[in-house]
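Chemist:
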Amino acid sequence: MLNFLFLVYSRTILKERNILNRLTRFTIKIFLNIFIPIYFSISRKESNREVNVIVSFTTFPQRIDRAWIIVESMLRQTFKPQRIVLTLSRQQFPYNKNLPKKLLNLEKRKLLEIIWTDDDLRSHKKYYYVMKKYPNDVVITIDDDFIYADDILENLYKFHLKFPNCIITNLALERCGKDYNDWKNLLFKEVEPTFNIMQFGGSGVLYPASSLHMDAFDKNIIQTCCPLADDIWLNAMAILGSTKIVKTNYRIYPIPLIFRDNFELYELNVLDNKNNKQIIALEEKYGLFLCSK
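Letter by letter, the sequence shown follows residues 0 to 292 of numbering that gives the first Met the number 0.
(1) Under the DSSP definition of a beta bridge, which residues are partnered with alanine 171?
(2) Cα separation between asparagine 95 and arginine 89?
(3) Pull up the CB-CB distance for proline 226 and valine 137, whole angstroms please, since I reckon it's below 8 Å.
(4) Apart from the five residues just before and just after asparagine 169, which ones in its own chain have a Cβ nearer than 7 Å to its Cβ?
(5) So if DSSP puts tyrosine 206 in a beta bridge, which residue, or which two residues, is it bridged to?
(6) Can you check whether the CB of glutamine 81 is closer than 8 Å to the CB of asparagine 51?
(7) DSSP on phenylalanine 59, reduced to helix/strand/coil?
(8) Quick one: measure Cβ to Cβ for leucine 298 and glutamine 198, integer angstroms, because I've assumed they're closer than 8 Å.
(9) Could you give the uninterrupted runs of the beta strand (DSSP E) lying entirely in the segment 230–284, keeping only those of 3 residues or more?
(10) Closest to aspartate 229 by C-alpha separation, out of Thr26, Gly200 and Tyr252, would be which residue?
(11) Taking aspartate 143 as the reference, which of Ala280, Ile53, Ile254 and Lys161 has the closest Cα?
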């Protein structure tokens, strides 16, 4: 049933934006936001670790109560990761307090590793510390605001086997012109190895070991050039590191989680035009033109 609902939700995205399609997506989103937490709470799924792949994400206080749902969705994948890592900042969670019991239980059962940091790199925490700690491992980054279908990891890894030296993404934007708002969403389309797309983290991105330029881990440059846009930063670091990007043909779109206080980087970066400002900063720093035209 869950896979069917994911498929219906995804198919309506490509169709005409009429009231029926919007109502269908809204209904599925509300239903799964109610049903999934109940289902995950009454059914336990122990991880059967298969391959040396790490799934990594980060979150912040307004979303911490639902972070356990992300972990449980990864434990129910058809392709099981060896490790699931959540990176948190002590600035946001002082003395490790206010963590949900369900999240702590996952850590206690050794199904989740929590990395604690003294600083706060915001969304960059999803990759920064786990790649520093496990430099020889494949890392798959995900976001903290989606319900994931059970085969996103399998799909990413399948393409990784075909293109082992490339970054693999389920979602991507084609860089078209100087304005980020004009970049084209390549939804459900497969793209073979290229430097001309930007990997988009919402539906998972697979990073082979050593696939990023060494400046990817320079905090000063991150904070100066690209503090709020980890996707744009990682795209620049891939290009500088001579690592091409592959877009899969994955046809399932993740379903947004609903939060009481729904803060989104999208509102800050896109609507407030901060993405373009950060792109310009990267171009000035590296002489790197992220735009293909």
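Every residue gets a Cβ at the ideal spot worked out from N, C-alpha and C, and that includes glycine.
Modeler: Let me lay it out:
(1) Gln198
(2) If I take the Cα positions, the gap works out to 7 Å.
(3) With a Cβ gap of about 26 Å, proline 226 and valine 137 do not count as contacting.
(4) Ile151, Asn154, Leu155, Ser202, Gly203, Thr247 and Tyr249
(5) Per DSSP, Val138.
(6) yes
(7) coil
(8) Since the first and last residues shown for the chain are 0 and 292, residue 298 lies out of range.
(9) 244–246
(10) For the residues Thr26, Gly200 and Tyr252, the minimum Cα distance to aspartate 229 belongs to Gly200.
(11) Ile254
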